[in-house]
Structures are given as C-alpha cells and as structure tokens.
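Structure first, then comments.
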Amino acid sequence: MSNDCEHFHHIVTREGNTGGCEECLKMGDTWVHLRVCLTCGHVGCCDQSKNKHATKHFHATGHPVIRSKEHGETWGWCYVDRVVKDPV
Numbered sequence: 001m002s003n004d005c006e007h008f009h010h011i012v013t014r015e016g017n018t019g020g021c022e023e024c025l026k027m028g029d030t031w032v033h034l035r036v037c038l039t040c041g042h043v044g045c046c047d048q049s050k051n052k053h054a055t056k057h058f059h060a061t062g063h064p065v066i067r068s069k070e071h072g073e074t075w076g077w078c079y080v081d082r083v084v085k086d087p088v
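By this note's numbering, the letter at position 57 of the sequence shown is numbered 57, and the numbering carries on one by one without gaps.
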C-alpha cells in the first residue's frame with residue numbers, strides 16, 4: 001500500500017487548538033493519545049480512548065487528515081484512503 005494519497009497534498013501543519021482533547025476537557029474526562037485535524041486544528045482523542053473524539057470529528061466534518069499530537073511522533077492518517085504517512 002502506498003503511504004501517500006491526494007489528501008496529504010492539501011494539508012497545513014497545525015499545532016492544535018488546545019493542549020488536550022477539546023470534548024474531553026469540556027466533559028472533564030480523560031484520554032489516551034491526542035490527534036490534530038490538519039484542516040481546522042481540532043484536537044481529539046484517539047481510538048484507544050473511550051470517547052474516540054478524533055474519529056467522531058472526521059465523521060461530523062469530513063476533514064480527512066489527522067496527525068499525532070504525541071511528543072516525538074511525526075505520522076499522519078487519512079481517514080478517507082486509510083493511509084498512514086510518516087513524516088507528515
């Protein structure tokens with residue numbers, strides 16, 4: 001499988017809107033790992049977290065590409081094409 005897709009050509013590297021999962025912070029909940037939407041900067045929790053807010057954000061918005069917000073990680077994921085790219 002190729003590690004590229006058209007969606008990676010249209011991203012902007014973002015730091016993220018918050019230091020934690022936006023929805024979990026509002027709920028007072030916790031997360032495992034964080035992901036940043038490379039369309040709008042939304043920060044959501046990963047699919048190993050019970051709330052899976054990063055994936056829920058994709059389904060609600062259609063924004064295709066996220067990257068890990070974890071220190072030292074450089075990979076991104078395209079939900080549409082189901083492709084990992086490292087580094088993003």
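Every residue, glycine too, gets a C-beta built ideally from N, C-alpha and C.
The structure displayed is predicted, hence computed values, not measured ones.
- In this structure His33 touches Cys46 by the C-beta definition: roughly 4 Å separates them, less than 8 Å.
- Comparing alpha carbon positions, the residue from Arg35, Gly20, Phe8, Glu22 closest to Ser68 is Arg35.
- In the displayed model, Lys69 falls within coil according to three-state DSSP, outside both helix and strand.
- In this structure, Ala54 keeps its C-beta atom at 8 Å or more from the C-beta atom of Gly41.
- Between the alpha carbons of Val65 and Lys50 lies a gap of roughly 21 Å.
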